[in-house]
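S.K.:
Residue numbers (the working numbering), protein chains in the order written: chain A, 474 to 684; chain B, 474 to 684.
1) So with CB distances below 8 angstroms, who are the chain B contacts of residue 612 of chain A?
2) Could you check whether the Cβ of residue 659 of chain B sits closer than 7 angstroms to any Cβ belonging to chain A?
3) On the premise that residue 541 of chain B lies in contact with residue 505 of chain B, defined as a C-beta separation below 8 angstroms, what is that separation, rounded to the nearest angstrom?
4) Decide yes or no for the touch test of the segment 662-679 of chain B against the segment 551-560 of chain A: beta carbon pairs closer than 8 angstroms, at least 3 of them.
5) Along the segment 640-664 of chain B, where does the CB come closer than 7 angstroms to a CB of chain A? Name the residues.
6) State yes or no: is the beta carbon of residue 680 of chain B nearer than 7 angstroms to at least one beta carbon in chain A?
7) Can you tell me whether residue 664 of chain B is buried or exposed, with buried defined as 16 or more other CB within 10 angstroms of its CB?
8) Which residues of chain A have a Cβ atom closer than 9 angstroms to the Cβ of residue 498 of chain B, listed in chain order?
9) What's the call for residue 590 of chain B, buried or exposed, on a 16-neighbour Cβ count within 10 Å?
10) Tell me, to the nearest whole angstrom, how far the beta carbon of residue 496 of chain A is from that of residue 581 of chain B; I am working on the premise that it is less than 8 angstroms.
11) Leaving aside the five residues before and after residue 574 of chain B along the sequence, list all residues of the same chain whose C-beta is less than 6 angstroms from its C-beta, in chain order.
12) By Cβ distance, which residues of its chain are closer than 8 angstroms to residue 539 of chain A, with the 5 residues on each side in sequence left out?
13) Strictly below 9 angstroms CB to CB, what residues from chain A border residue 669 of chain B?
14) In or out: residue 621 of chain A buried (at least 16 other Cβ within 10 Å) or exposed?
15) Measure from the alpha carbon of residue 617 of chain A to the alpha carbon of each residue in A:632, A:654 and A:586, then state which is nearest.
16) Cα-Cα, which of B:683, B:671 and B:682 is closest to residue 492 of chain A?
17) Just the chain A side, please: which residues come within less than 8 angstroms of residue 444 of chain B by C-beta, in chain order?
18) Taking only beta-carbon positions, decide if residue 537 of chain A is within less than 7 angstroms of chain B.
19) From the DSSP output, which residues share a beta bridge with residue 603 of chain A?
20) Using the beta-carbon of each residue, which ones in chain B are nearer than 7 angstroms to residue 555 of chain A?
21) Tell me whether residue 547 of chain B sits in a helix, a strand or coil according to DSSP, three-state version.
22) So, for residue 557 of chain B: in the same chain, excluding its five sequence neighbours on each side, which residues have a beta-carbon less than 7 angstroms away from its beta-carbon?
23) Give a yes or no on whether the minimum CB-CB distance between residue 700 of chain B and chain A is below 7 angstroms.
24) Please look up how many angstroms separate the CB atoms of residue 649 of chain A and residue 625 of chain A, rounded, as I've assumed it's under 8 angstroms.
25) Determine the contact status of residue 605 of chain A and residue 598 of chain A, defining contact as a CB-CB distance below 7 angstroms.
26) With DSSP as the reference, please indicate the residues paired to residue 627 of chain B in a beta bridge.
27) Based on DSSP bridge pairs, tell me the residues matched to residue 686 of chain B.
28) Taking 7 angstroms as the threshold (beta carbon to beta carbon), is residue 541 of chain A in contact with chain B?
29) Should residue 662 of chain B and residue 646 of chain B be called a contact, given that it needs their Cβ atoms to be closer than 7 angstroms?
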């Protein structure tokens, strides 16, 4: 199930959230849950949940609800949580440092294997045990190591040039933290992180409450 | 329009993205756009766009498309981009530093007015011109200054205690960067940032491409 038909990106984008909630439920030893309960926990409408989970065969049973472990396993399979990816960080500034120290990535299958920067003072140091290399070493490093994902935390004015260099070296996925939306052709996968989007939603919700 | 009926959170969460794209189009002096073109730029289906924009009266006309400036202004009104919010950051680590230096927040109406930490070495210093105070000063500071939003970048094991303290001081909105999903009752607005969700989607898309 699920593998047979194409699942829309809108559903895919909600899967990590289901994954987190179901994994919490498993830790609490909860075996089954109704879409109503899941809806209240996740702040997603029950009908949206039913629609989403039906996409990959997670049919709930009337009066029984969803089997937590089954759903968790199905979502894990779709998300490929058993797969491992190698990542590099380009830009050893504050954001690069924060991400290099983020405990969750490795647990989710993402190994940061090197960090790159142009600052002589940073080159040769280690962040959370990961070595910082000169940007000049990028071609050599990518020739000798399989790199799945480049995490870009360079200044905004540099990001387009760095992204072009990265893709010319054959890296096929970019996680971009600069405010510039990168578009790099169909063979490169890009996720642009726009932190201010989430802040704007917070501002909206705060005003809506009348505070 | 729009103000009359409740707009679903799913639509609200997409608005900052429309806002960014429409603001790009305005800068390119593009006056109108079809849902098909907008769909291709934004990687959202044309039918989803029509559905979303209809929520606040952005009816496109057959053969004409959407009026960019009108839509931009309507979305700005709904998001309240003319409003300003005061923010504090609690936790002057790497993530706190990165956020204090993030150029986009002020432009979007979010002013960071103080940073708090427990580390004696950081207290009294400034980050991007913003003073770092001791956590002990939180009650005094919030008594003397209107604080709309607390941005929490403290270690995961501290976040629940800090969130409780923050809300006991009357702050009504929390932007949480720790992996723990905070739930603090109906009168506190929380946005939990889960960076690994976006990374998991990137991993999914990479595998889907067969790389």
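A virtual CB, placed ideally from N, CA and C, is assigned to each residue, including glycine.
M.R.: On the basis of the data shown:
1) Ordered by position in chain B, no residue passes the 8 angstroms Cβ test against residue 612 of chain A, which lies about 19 angstroms from the chain.
2) no
3) 6 angstroms
4) yes
5) 645, 646, 648, 652, 662 and 664
6) yes
7) buried
8) Near residue 498 of chain B there are no residues of chain A at all, since even the closest Cβ is about 13 angstroms away, more than 9 angstroms.
9) buried
10) Not quite, the Cβ-Cβ distance comes to about 33 angstroms (not below 8 angstroms), so this is no contact.
11) 601
12) 505, 506, 507, 508, 511, 526, 531 and 533
13) 489, 493, 575, 577, 578, 580, 581 and 583
14) buried
15) A:586
16) B:671
17) This structure gives no information on residue 444 of chain B, because the portion of chain B shown stretches from 474 to 684.
18) no
19) A:600
20) Those within 7 angstroms of residue 555 of chain A in chain B number zero; the least Cβ separation is about 11 angstroms.
21) helix
22) 582 and 584
23) Because residue 700 of chain B is not part of the residues shown, which for chain B are 474 to 684, the question remains open.
24) 5 angstroms
25) yes
26) For residue 627 of chain B, which the question treats as bridged, DSSP gives no partner whatsoever.
27) Past the edges of chain B, shown from 474 to 684, lies residue 686 of chain B, and the structure says nothing about it.
28) no
29) yes
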